Amino acid sequence: MRDELVKYEHPFFDFQARETKEGVQLLIRSKIANVLSPQYTITLAERDLQSSQFTWSFQKLLYDCLTDYVVELFTKNPRT
-2 MRDELVKYEH PFFDFQARET KEGVQLLIRS KIANVLSPQY TITLAERDLQ SSQFTWSFQK
58 LLYDCLTDYV VELFTKNPRT
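First residue of the sequence shown: -2, per the numbering used here; consecutive thereafter.
Spelled out as C-alpha cells, the structure:
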C-alpha cells in the first residue's frame, strides 16, 4: 500500500499506512488544524492487498474514503 500512497498528494490531507494484526491500516489525516475528526482510518485485509486489481481498487477506495471523511467534517448540516 505504501507504494501506492506515494503516488497521491493532497493539499488538505496526509496519507499513511501501518501494519496491524488485522491487515494494513490506511490513515488519512487532516492538515487543517482543529477539525472535529483529525483522522480517518480503514483497515484492508491481506487478500485485498494481494489482488491483481489492487492499484485500481485502491484508488476507488481512497476516493470513497476521502468523500466519507469530508462529510464527517461537517460541523453543521440540516440532519443534525
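Where is the CB? At the ideal position from N, CA and C, for every residue including glycine.
Values in this document were obtained by computation on a predicted structure and should not be read as measured data.
Sub-9 Å separation of residue i and residue j beta-carbons
{"i": "residue 59", "j": "residue 23", "result": "yes"}
{"i": "residue 27", "j": "residue 13", "result": "no"}
Backbone CA spacing between residue i and residue j [nearest angstrom]
{"i": "residue 73", "j": "residue 21", "result": "32 Å"}
{"i": "residue 51", "j": "residue 6", "result": "19 Å"}
{"i": "residue 17", "j": "residue 75", "result": "37 Å"}
{"i": "residue 1", "j": "residue 57", "result": "12 Å"}
Same chain, Cβ closer than 8 Å to residue i, five either side skipped, listed in chain order
{"i": "residue 69", "result": "33, 34, 37"}
{"i": "residue 15", "result": "21, 22, 24"}
Buried versus exposed call for residue i [16 or more other C-beta atoms within 10 Å across all chains shown]
{"i": "residue 71", "result": "exposed"}
Proximity test, Cβ basis, 9 Å: residue i and chain C
{"i": "residue 13", "result": "Absence of chain C from the displayed structure is noted, only one protein chain being present."}
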